[in-house]
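**Student:** Numbering (my numbering), first residue to last: 113 to 225.
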Amino acid sequence: MTVSGVQAERKRVWTTPPNVALCAEGDIAEPGSRAFVLQIGEAFFHGFVVRKDGQVAGYVDRCPHQGFPLAIELDKYLTPDGSLILCGWHGAVFEPLTGECTGGPCAGGRLTP
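(1) Does any heavy atom of the ligand MN sit closer than 7 Å to the C-beta of E137?
(2) Tell me which residues share the same chain as E137 and place their Cβ nearer than 7 Å to its Cβ, disregarding the 5 neighbours each side in the sequence.
(3) By how many angstroms is the C-alpha of L223 removed from the C-alpha of H202?
(4) Let me check one thing: in DSSP terms, what residues is L150 bridge-paired to?
(5) Can you give me the start and stop residues for the beta strand (DSSP E) that Q167 sits inside?
(6) Would you please state the rounded distance, in angstroms, between the beta carbons of A155 and D187? I believe it to be under 8 Å.
(7) Roughly how many angstroms separate the alpha carbons of Q151 and D173, rounded to a whole number?
(8) With a threshold of 8 Å between beta-carbons, can A141 be considered close to chain D, or not?
(9) Could you check whether A204 and G216 sit closer than 8 Å to each other, using their CB atoms as the reference points?
(10) Taking DSSP's pairing of strands, which residues face G138 in a bridge?
(11) So if DSSP puts K123 in a beta bridge, which residue, or which two residues, is it bridged to?
Quick look at the structure:
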């Protein structure tokens, strides 16, 4: 979107209203992940959900290391074996159900639920 020929920055929000339905649980593979973007007023919330061991968890799509979105490809948040969430930019890995960073440049940090 441009405003007077200048690229307008999209406003972002970091929380969602409670009880927002994102998709049916069956739409998320086991193990698997799915990205979503919600428009809240004039701002946008970028997040993702993961399923592992029959449980689902959701996070803000933002790595605590540099603040980048985690996935380089749409819906590709997990390692190839589906055991961990992977930041595609710097290789940080996170436990899917807790968001805890277990390796990489932000070890000990965690994703924002």
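Ideal Cβ placement from N, Cα and C applies to all residues, glycine included.
Just so you know, these numbers come straight off a predicted model, no measurement behind them.
**Tutor:** Working from what's here:
(1) Here there are no bound small molecules, and the ligand MN is not part of this structure.
(2) Scanning its chain for C-beta atoms nearer than 7 Å, with the 5 sequence neighbours on each side dropped, one finds around E137 the residues V168, in chain order.
(3) 15 Å
(4) The partner list for L150 (beta bridge, DSSP) reads F157.
(5) Where Q167 is concerned, the enclosing beta strand (DSSP E) stretches over 167-172.
(6) Contact doesn't hold; Cβ gap of about 22 Å is too wide.
(7) 15 Å
(8) The structure shown contains no chain D, having only a single protein chain.
(9) yes
(10) According to DSSP, G138 shares a beta bridge with no other residue.
(11) A155
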